[in-house]
Each structure stands twice: as structure tokens, then as C-alpha cells.
Amino acid sequence: MAEPLIQVRNLKMYFPVGTSLFAKRRQLKAVDDVSFDLFPGETFGLVGESGCGKTTVGRTLVRLYKPTDGQILYRGEDIAPLDEKAVMPYRRRMQMIFQDPYASLNPRMTVSSIIGEPMRLQGAVQDEITARVAELVEQVGLKKDHLNRYPHEFSGGQRQRIGIARALAMRPEFIVCDEPISALDVSIQAQVINMLEELQDSLGITYLFVSHDLSMVRHISHRVGVMYLGHMVELASAQELYSNMQHPYTQALMSAVPIADPDLAEQSNRIVLQGDVPQPIDPPAGCPFASRCRHCMKACTEKNPEMREVAPGHWVACHLMN
Amino acid sequence: MKLLEVNNLNTSFSIGVGTVQAVRGISFHVDQGESVGIVGESGSGKSVTMLSVMGLLPNYAAITADSIRFDGREMTQLSPRELRAMHGSEIGMIFQDPMTSLNPLFTVESQLTEPLRIHRNMRKAQARARALELLRQVEIPNPEARLKQYPHELSGGLRQRVMIAIAVACGPKMVIADEPTTALDVTIQAQILDLLNHLKQTTQTSIIMITHDLGVIASMCSRILVMYGGTICEEGTAREIFYAPKHPYTWGLLNSIPRINGDPEEKLIPIKGTPPDMLMPPKGCPFAPRCRYCMPVCREYMPPRTVLSDTHAVSCHLMHPKAPKVAREV
Chain A
288 MAEPLIQVRN
298 LKMYFPVGTS
308 LFAKRRQLKA
318 VDDVSFDLFP
328 GETFGLVGES
338 GCGKTTVGRT
348 LVRLYKPTDG
358 QILYRGEDIA
368 PLDEKAVMPY
378 RRRMQMIFQD
388 PYASLNPRMT
398 VSSIIGEPMR
408 LQGAVQDEIT
418 ARVAELVEQV
428 GLKKDHLNRY
438 PHEFSGGQRQ
448 RIGIARALAM
458 RPEFIVCDEP
468 ISALDVSIQA
478 QVINMLEELQ
488 DSLGITYLFV
498 SHDLSMVRHI
508 SHRVGVMYLG
518 HMVELASAQE
528 LYSNMQHPYT
538 QALMSAVPIA
548 DPDLAEQSNR
558 IVLQGDVPQP
568 IDPPAGCPFA
578 SRCRHCMKAC
588 TEKNPEMREV
598 APGHWVACHL
608 MN
Chain B
55 MKLLEVNNLN
65 TSFSIGVGTV
75 QAVRGISFHV
85 DQGESVGIVG
95 ESGSGKSVTM
105 LSVMGLLPNY
115 AAITADSIRF
125 DGREMTQLSP
135 RELRAMHGSE
145 IGMIFQDPMT
155 SLNPLFTVES
165 QLTEPLRIHR
175 NMRKAQARAR
185 ALELLRQVEI
195 PNPEARLKQY
205 PHELSGGLRQ
215 RVMIAIAVAC
225 GPKMVIADEP
235 TTALDVTIQA
245 QILDLLNHLK
255 QTTQTSIIMI
265 THDLGVIASM
275 CSRILVMYGG
285 TICEEGTARE
295 IFYAPKHPYT
305 WGLLNSIPRI
315 NGDPEEKLIP
325 IKGTPPDMLM
335 PPKGCPFAPR
345 CRYCMPVCRE
355 YMPPRTVLSD
365 THAVSCHLMH
375 PKAPKVAREV
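So the protein sequences, as listed, match chains A and B.
So that you can map any letter, position 146 of the first sequence is 433 in this note's numbering, and since no number is skipped, the others follow by simple counting.
So that you can map any letter, position 60 of the second sequence is 114 in this note's numbering, and since no number is skipped, the others follow by simple counting.
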């Protein structure tokens with residue numbers, strides 16, 4: 288297999304909560320000891336429910352956050368401890384597409400200045416920017432006469448295209464797509480997904496695709512990681528994960544997806560989980576899923592299970608695998 | 055038996071720059087004990103349709119209808135006071151976002167007992183006992199403690215359960231659920247859908263489910279209305295819509311979602327373009343500008359409703375005997 292583009296090792300991202308002078312500082316463990324590799328040209332899907340830390344992983348990888356602990360090896364260089372200035376050269380290789388196309392575009396900037404801004408920040412000259420912007424709008428299926436308009440004149444799908452053009456501006460190797468389609472209508476989602484796939488085929492970009500839409504993740508991803516409460520609980524190729532899931536949480540998550548087919552929906556056996564996801568603030572020891580797991584054993588409440596390889600490329604963190 | 059029957063409903067909003075024609079001449083019915091799904095994209099008029107029926111739209115909305123009959127009564131003839139008496143007692147509503155539809159300043163108990171005290175004239179103790187029973191019915195653990203809490207102390211799933219408890223408090227004949235699970239995580243969504251299915255079976259309440267999620271529709275509804283551009287473009291049983299759809303828009307919707315059990319290598323077939331601007335809707339079929347089978351007639355005239363079976367009807371010019379025969383590409 289090719290050399291990994293990014294190796295994430297024991298990544299931890301804690302946020303302090305509560306600012307009482309006397310009480311012990313509490314920590315929200317958004318990402319707690321997550322490791323995985325990203326290979327060039329692949330799409331890695333990251334799924335989980337709200338609050339599981341999937342977005343934080345994405346943001347930490349492009350260094351929008353400085354991780355609490357752990358390594359992010361970008362082509363072998365650890366970018367986790369770098370300061371703002373030192374991380375700048377990496378910024379042109381890593382970009383991000385955001386969830387909300389309404390909030391992520393500045394309403395007072397024209398489309399051409401939005402798309403050109405990353406290049407301006409990296410010190411490109413105006414002629415170069417104008418030429419590149421013209422090329423980019425074509426690439427994402429917008430028209431040249433859109434360039435002098437403002438974001439409010441566009442629909443959600445078109446705005447997401449503007450966001451994608453901006454992400455492509457610096458010819459990045461790696462793009463974090465943070466729920467890029469969840470704010471869009473069904474018929475528009477497929478347009479954006481097909482475009483992302485075509486861009487990957489022609490430019491060889493690596494994607495980290497963060498989403499809660501399990502059917503879409505299966506469609507677009509080569510490999511998929513499942514997160515729960517800041518931990519990676521299962522990781523496998525998309526095909527393997529969706530046909531041979533091992534972790535009880537993955538099984539419950541997959542069975543909860545409503546199937547758009549009345550006959551299959553009737554036959555399906557849903558595993559309905561009891562209760563809600565616990566708080567990631569000072570979580571209890573042991574397996575994060577223990578409180579909702581059907582198979583919870585004594586060991587589960589005492590020790591956090593380690594990731595082990597149950598089949599080639601298929602990793603599961605569960606005491607049942609012992 | 056028909057519980058709700060709507061004939062030729064039109065709703066428009068006058069705003070500064072013109073008139074938004076949100077709903078344009080739609081007719082449908084809901085039978086007793088039936089669950090009907092209304093599916094469509096944002097701006098297709100699915101929420102406005104139900105808000106018009108309920109009379110919950112602001113004053114600048116112009117609503118006209120030949121008739122809206124609910125349980126034998128003509129709703130267009132009712133005074134606002136009579137309509138209010140109906141809301142919450144005979145028709146319950148569940149909204150999308152349980153955080154904004156519950157009042158943050160009142161406890162669960164006061165919000166849950168309010169409809170009981172107003173519509174059923176219950177005394178405080180009696181209403182409280184019924185509220186406890188309702189919370190148990192929607193499977194909320196530890197209901198005594200929950201009654202005293204405020205909405206911000208509950209998780210999204212619990213809040214939506216409280217919303218459902220309020221909606222069914224007075225034993226309504228019909229519950230309208232407007233995107234009830236869109237704001238929830240998929241495992242919580244599964245809990246809520248199970249609960250709604252259970253309530254439907256035990257109480258024989260009719261449910262109208264408004265959603266954009268075809269998966270939710272498939273697991274909940276026996277009959278489906280597909281809306282586009284303020285009109286119903288296709289209606290039929292769940293099996294007719296999913297296995298024998300006839301309208302190119304329905305084809306487009308089904309082709310643009312990946313299936314959890316399908317072939318992942320399969321390319322999605324998106325619908326080109328964007329939904330119409332309802333300030334200036336197209337003259338003919340609203341879907342014509344995005345339709346790959348568009349004919350000249352489609353741009354000029356609204357297609358008539360073609361009835362294919364007792365339950366299945368389509369509004370598309372392709373149904374005309376002289377139109378070219380086209381099939382859905384899969």
C-alpha cells in the first residue's frame with residue numbers, strides 16, 4: 288500500500304469547561320485517543336452522532352485547533368505542536384468545506400473575492416488570482432457572470448459550490464468535508480456528491496468526509512471510521528464495515544437508518560438503543576458505550592477496550608472481540 | 055371514512071416585491087387511522103399546506119379553498135375561537151425543532167397540563183395524574199422528576215417525546231408531524247419513529263407526516279403525496295410510489311439518494327437545476343425546467359391529474375395517450 292498522507296496518532300482534544308476559581312477545572316474530552324491513517328486519493332468517512340467528536344477530529348487535522356496531545360504526521364512531519372506561523376505552509380495543502388453554506392460565506396464579499404481570498408492570503412498577485420478564479424468557477428459548474436454577485440443571491444447548492452471552489456483555490460492535497468450536504472435538499476445533495484467524486488477522480492484529492500448520513504458515507508467513502516463519545520470504536524473498508532460490522536454500537540447505528548424501501552423497512556429488525564449519549568465531560572472509566580450496550584460485561588465498565596485488528600484492515604475496540 | 059378532506063387549496067403570501075404562491079390548487083384526503091406522508095423539498099409547499107389547513111398562518115397569508123372538511127365539519131366556516139378549540143384537542147401538532155416549540159420559561163408539567171385544563175376542564179391534580187400517564191406512554195424514564203424540569207434540562211430526544219405527549223394529550227383524531235425527527239440523531243430518530251408507530255397502532259390516530267426523508271416515509275406511511283412547486287405531482291400508496299412511480303420528479307428523488315443496501319459503485323443521478331422561484335412560478339408544469347422529458351406542452355399548460363388506480367394519481371403530460379413512452383432510468 289502507498290505511504291499514508293496523514294497519520295493520526297493518539298490524538299486528544301480536550302476543551303476546558305466551567306471557569307470557577309476554586310472548583311477543579313473540568314474537561315470536555317471531545318476527542319480522546321484517536322488513531323488512524325489517511326492514504327492519498329482516498330475518501331475516509333467519519334460517522335457518528337452529534338457530540339461524538341467527528342467534527343473536532345476534522346478541524347484538528349487542518350489545525351483549526353491545537354491538539355491537547357498526540358501526533359498528526361503530515362507526510363511524516365508532525366504538525367500537531369507547530370505554532371500558527373509554522374503551520375501556514377501546510378494550510379495551502381489542507382482545506383475545509385463547511386456544513387452551513389449560509390454561514391461560511393461572508394455576505395459582504397463578492398463571489399470572486401471569496402474564492403480568491405485564500406490565494407491573496409498566501410501572497411498571490413491579482414492577475415494570477417483572476418485567472419485562477421475564472422478557472423475554478425467553471426470547474427464547480429458556476430457561470431462567469433456569477434462572479435460579481437453576493438452570496439445571498441445564490442441557492443444553498445450554489446453556495447456550497449462557491450465554498451468548494453474556495454477550498455480548491457490553493458490546489459490542496461487534502462480536504463476536510465464537514466457535513467457538506469446536510470443543509471441541502473435531496474435533489475441537490477446528489478449534484479454536490481457527484482461533483483466531489485469527479486474532482487477526486489481528476490485531481491486526486493484526499494477527503495475526510497464527516498457526516499451523519501450513513502447511506503451517503505457508504506456511497507462516497509473507501510474506508511469508514513465510526514466514532515462514539517470521542518473514541519473511534521470501529522474502522523474498516525466501507526464494504527467490510529457495512530456488510531460485517533462487529534461493534535455493538537455500529538450495529539445499532541446501522542440498523543437505525545430508515546430504509547427508503549417499504550418492503551425492506553417492514554422486514555428490518557431495528558436495534559433500538561435505550562437512552563441518550565452520555566456527556567463527554569469527565570466521562571466514566573471503561574468502554575464509552577457500556578451504558579447503552581446490550582452486551583455489557585464486567586470488564587466493559589472497568590477498562591477501555593483497545594483497538595484490535597479482527598480481519599485485515601478491520602479494527603474494532605470492544606471487549607467482546609477478546 | 056374520510057377524516058380530513060381538502061379541496062382546491064391555494065395559499066399565497068404578499069411580500070414587498072410580489073406574491074409568493076406557496077400552494078397552488080391542491081386537493082387530498084386523509085382517512086381515519088391512516089398515516090399519510092407528504093414529501094417534498096424546501097419550498098415545495100408541504101408545511102404551508104398543513105399550516106393553512108390548521109389556520110396557523112400569519113395574517114398576510116391569503117388562503118382560499120373550495121372546502122376543508124375535518125370530521126364532518128367545514129373548517130373554512132369556523133371562527134378563530136372555534137378553530138382554537140379544535141387545535142390541541144382534535145388535531146395535535148408536532149414540530150421540527152423541539153427546542154423552539156416548547157416554551158423555555160415553563161416546566162414540562164405546566165406545558166403538558168395546559169391543553170388538558172383548557173380543553174378537558176381538568177383540575178390540577180387530575181391533569182397532573184394524566185400528565186404522568188402520558189409521559190409513561192411516551193416512554194420517558196423517571197416521569198415524576200421530569201415533570202418538574204424545564205425544556206433546557208432535557209435532551210433533544212426527550213424534548214421531542216414531551217412534544218408528542220402534548221400533541222396526544224387530549225386524544226386527538228389526527229396528529230400532524232412536521233419533520234419530527236429532522237433535528238435528531240439517527241438512533242434517537244429510530245426511537246421516535248417506533249413511538250409514533252406504536253401510538254398509531256394503539257390509539258387509531260391518523261398521522262400526517264411532513265418530511266423530506268424518503269427513508270422515514272417508507273417506514274412510517276401507508277400513503278404518500280409528493281409535492282413540487284406548490285402542487286401535488288404524484289400520490290399513491292407507499293408501494294406505488296416506491297416500486298411503480300410515474301412522475302419524472304419522483305424518479306429523480308428516488309435516483310438521487312444512495313441506498314444503504316444498494317451497490318455503492320452505482321452513480322447517483324441528480325436532478326439538474328434548482329427548484330422554481332415561487333414568486334414567479336413557471337406557467338406550465340412547475341417541474342418542466344428541470345425535467346429531462348420536457349415537451350413544448352409542459353411549458354405552456356399545467357398537466358391534468360391522471361388517475362391510474364383508486365389510490366394512484368399523477369399530474370404529468372407524459373400520461374397523455376399521445377405522449378412518448380418513457381421509462382425511469384435506474
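Cβ atoms here follow ideal geometry from the backbone N, Cα and C, with glycine treated the same way.
Work out the CA separation of residue j and residue i for me, nearest whole Å.
{"i": "residue 353(B)", "j": "residue 364(B)", "result": "29 Å"}
{"i": "residue 216(B)", "j": "residue 594(A)", "result": "39 Å"}
{"i": "residue 329(B)", "j": "residue 232(B)", "result": "20 Å"}
{"i": "residue 259(B)", "j": "residue 142(B)", "result": "13 Å"}
{"i": "residue 569(A)", "j": "residue 317(A)", "result": "11 Å"}
{"i": "residue 337(B)", "j": "residue 283(B)", "result": "11 Å"}
{"i": "residue 115(B)", "j": "residue 97(B)", "result": "15 Å"}
{"i": "residue 173(B)", "j": "residue 165(B)", "result": "13 Å"}
{"i": "residue 275(A)", "j": "residue 466(A)", "result": "No answer is possible for residue 275(A): the residues shown for chain A start at 288 and end at 609."}
{"i": "residue 121(B)", "j": "residue 107(B)", "result": "10 Å"}
{"i": "residue 315(B)", "j": "residue 525(A)", "result": "12 Å"}
{"i": "residue 256(B)", "j": "residue 405(A)", "result": "58 Å"}
{"i": "residue 229(B)", "j": "residue 146(B)", "result": "5 Å"}
{"i": "residue 393(A)", "j": "residue 439(A)", "result": "10 Å"}
{"i": "residue 407(A)", "j": "residue 201(B)", "result": "56 Å"}
Can you find a CB in chain B that lies within less than 7 Å of the CB of residue i?
{"i": "residue 505(A)", "result": "yes"}
{"i": "residue 290(A)", "result": "no"}
{"i": "residue 314(A)", "result": "no"}
{"i": "residue 546(A)", "result": "yes"}
{"i": "residue 344(A)", "result": "no"}
{"i": "residue 477(A)", "result": "yes"}
{"i": "residue 549(A)", "result": "yes"}
{"i": "residue 502(A)", "result": "yes"}
{"i": "residue 474(A)", "result": "yes"}
{"i": "residue 543(A)", "result": "yes"}
When the Cα of residue i is compared with those of the options, which residue comes out closest?
{"i": "residue 534(A)", "options": "526(A), 522(A), 544(A)", "result": "522(A)"}
{"i": "residue 154(B)", "options": "114(B), 205(B), 132(B)", "result": "205(B)"}
{"i": "residue 238(B)", "options": "128(B), 314(B), 270(B)", "result": "270(B)"}
{"i": "residue 302(A)", "options": "309(A), 314(A), 596(A), 294(A)", "result": "314(A)"}
{"i": "residue 221(B)", "options": "144(B), 321(B), 106(B), 366(B)", "result": "144(B)"}
{"i": "residue 425(A)", "options": "469(A), 378(A), 456(A), 413(A)", "result": "456(A)"}
{"i": "residue 125(B)", "options": "87(B), 99(B), 57(B)", "result": "57(B)"}
{"i": "residue 68(B)", "options": "61(B), 62(B), 76(B)", "result": "76(B)"}
{"i": "residue 293(A)", "options": "449(A), 350(A), 417(A)", "result": "350(A)"}
{"i": "residue 94(B)", "options": "348(B), 103(B), 184(B)", "result": "103(B)"}
{"i": "residue 462(A)", "options": "564(A), 381(A), 352(A), 597(A)", "result": "381(A)"}
{"i": "residue 481(A)", "options": "460(A), 499(A), 459(A), 508(A)", "result": "508(A)"}
Mind checking if residue i is an interface residue toward chain A, Cβ cutoff 7 Å exclusive?
{"i": "residue 273(B)", "result": "yes"}
{"i": "residue 152(B)", "result": "no"}
{"i": "residue 101(B)", "result": "no"}
{"i": "residue 218(B)", "result": "no"}
{"i": "residue 118(B)", "result": "no"}
{"i": "residue 211(B)", "result": "yes"}
{"i": "residue 226(B)", "result": "no"}
{"i": "residue 69(B)", "result": "no"}
{"i": "residue 205(B)", "result": "no"}
{"i": "residue 325(B)", "result": "yes"}
Run through chain E and tell me which residues come within less than 7 Å of residue i, C-beta to C-beta.
{"i": "residue 480(A)", "result": "Structure shown: chain E not included; protein chains present are A and B."}
Exercise for the section: Pull out every residue of the segment 233-247 of chain B whose Cβ sits closer than 8 Å to any Cβ of chain A, in chain order. Expected result: 239, 240, 241, 242, 243, 244, 245, 247
Exercise for the section: Could you name the residues of the segment 169-199 of chain B whose beta carbon sits closer than 7 Å to any beta carbon of chain A, in the order they occur along the chain? Expected result: none
Exercise for the section: Please list the segments of the beta strand (DSSP E) lying wholly inside the segment 74-155 of chain B, counting only runs of 3 or more residues, in order along the chain. Expected result: 89-93, 115-118, 121-124, 145-148
Problem - Interfacial residues, the segment 433-457 of chain A to chain B, with Cβ spacing under 9 Å - result: 442, 443, 444, 445
Exercise for the section: Below 7 Å between beta carbons is the criterion; list the residues of the segment 276-309 of chain B that meet it against any residue of chain A, in chain order. Expected result: 292, 293, 296, 306, 307
Practice task
Name, going along the chain, the residues of the segment 551-584 of chain A whose beta-carbon falls closer than 7 Å to a beta-carbon of chain B.
Solution key: 551, 552, 557, 559, 560, 563
Handout entry: Members of the segment 259-270 of chain B near chain A, C-beta cut-off 9 Å
Key = 266, 267, 268, 269, 270
Handout entry: Where the segment 457-472 of chain A meets chain B: residues whose CB sits under 8 Å from a CB there
Key = 472
Practice task
Closer than 9 Å, Cβ to Cβ, to anything on chain A: give me those residues from the segment 346-379 of chain B, in chain order.
Solution key: none
Handout entry: Inside the segment 325-379 of chain A only - alpha helix (DSSP H) runs reaching at least 4 residues
Key = 341-348, 371-378
Problem - Residues within the segment 84-97 of chain B neighbouring chain A, beta-carbon criterion of under 8 Å - result: 95, 96
Problem - Residues, ordered as in the chain, of the segment 333-364 of chain A that lie near chain B by beta-carbon distance below 7 Å - result: 336, 337
Practice task
Please name the residues in the segment 508-519 of chain A whose beta-carbon is closer than 9 Å to at least one beta-carbon of chain B, in chain order.
Solution key: 508
Handout entry: alpha helix (DSSP H) runs wholly inside the segment 469-521 of chain A, at least 4 long, in chain order
Key = 473-490, 501-507
Practice task
At 4 residues or longer, and completely inside the segment 158-224 of chain B: list those alpha helix (DSSP H) runs for me, N to C.
Solution key: 162-173, 178-191, 197-201, 210-222
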